[in-house]
């Protein structure tokens, strides 16, 4: 039974995934969140969603836009783009004018602090997952994730997102092709 759970694939573009409506701190409209495992969530932002409140999270956030577009602090993330927003980075001008479907994960407790302070613990990054050149050994994206382009076996289960088919699984076997791998904390 456990082996099946480790290899089950989830189509991240499936509109029928179960979820619940959640109000993002500082935002007016709710988003629909579907938990995958650990810290990974699939988040559906409705058209017109925005957050006017300025502030930052106490944890870093990793995201991949699967559909639509999401703007965070004036940076627009399009489908296939990976984002890393470090803990303490000021967030402002956040919106999803046409809606967005986003795979998101925090590195710890996502406590929101309403503030104008910008105290990031590292640089913000935006990476086009489908087109970026991957060096031999993989491309580190965050302290807990990398983009790989070869079948490998991992020493522990990790969240694996296959690019560009956008399927997700918890596995120790990385399938052939370009994949985003997130290791547990």
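Residue numbers (our numbering): 480 to 664.
Don't be surprised by glycine CBs; every beta carbon is placed ideally from N, CA and C.
Residue i (DSSP reduced to helix, strand or coil)
| i | result |
| --- | --- |
| residue 532 | coil |
| residue 554 | strand |
| residue 655 | coil |
| residue 490 | strand |
| residue 602 | coil |
| residue 619 | strand |
| residue 542 | strand |
| residue 515 | strand |
| residue 483 | Here the model assigns residue 483 a pLDDT of 38, short of 50, so the residue's position is not dependable, and the following value carries that caveat. Helix, per DSSP. |
For residue i, the residue or residues it bridges with in DSSP
| i | result |
| --- | --- |
| residue 611 | Bridge partners of residue 611: none, in fact. |
| residue 650 | 637 |
| residue 510 | 501 |
Spatial neighbours of residue i in its chain, beta-carbon cut-off 7 Å, leaving aside the 5 residues before and after
| i | result |
| --- | --- |
| residue 503 | 510 and 530 |
| residue 618 | 611, 625 and 626 |
| residue 607 | 559 and 560 |
Own chain partners of residue i with C-beta closer than 8 Å, once the 5 adjacent residues on each side are dropped
| i | result |
| --- | --- |
| residue 548 | 555, 556, 557, 558, 575, 576, 577 and 579 |
| residue 655 | 629 and 630 |
Opening and closing residue of the beta strand (DSSP E) in which residue i lies
| i | result |
| --- | --- |
| residue 550 | 549 to 551 |
| residue 519 | 519 to 524 |
| residue 561 | 560 to 564 |
| residue 661 | 658 to 661 |
| residue 581 | 579 to 585 |
| residue 644 | From DSSP, residue 644 is part of no beta strand (DSSP E); its letter is neither H nor E. |
| residue 570 | Run containing residue 570: none; DSSP gives neither H nor E here. |
| residue 627 | 624 to 627 |
| residue 593 | 591 to 593 |
C-alpha distance - residue i paired with residue j, whole-angstrom precision
| i | j | result |
| --- | --- | --- |
| residue 537 | residue 648 | 27 Å |
| residue 496 | residue 534 | 30 Å |
| residue 616 | residue 662 | 16 Å |
| residue 570 | residue 551 | 6 Å |
| residue 651 | residue 658 | 13 Å |
| residue 644 | residue 592 | 35 Å |
| residue 589 | residue 620 | 19 Å |
| residue 677 | residue 605 | Residue 677 lies beyond the range of the chain shown here (480 to 664); nothing can be said about it. |
| residue 539 | residue 622 | 10 Å |
| residue 595 | residue 541 | 21 Å |
| residue 632 | residue 660 | 12 Å |
| residue 527 | residue 573 | 11 Å |
| residue 525 | residue 614 | 36 Å |
| residue 498 | residue 601 | 32 Å |
Own chain residues within Cβ distance below 6 Å of residue i, not counting five before or after
| i | result |
| --- | --- |
| residue 488 | 646 and 648 |
| residue 598 | 567 |
| residue 445 | A query on residue 445 cannot be resolved here, the shown segment of the chain reaching from 480 to 664 and no further. |
heavy atom of the ligand COA below 7 Å from residue i C-beta
| i | result |
| --- | --- |
| residue 600 | Of ligands this structure carries none, so the ligand COA is not represented either. |
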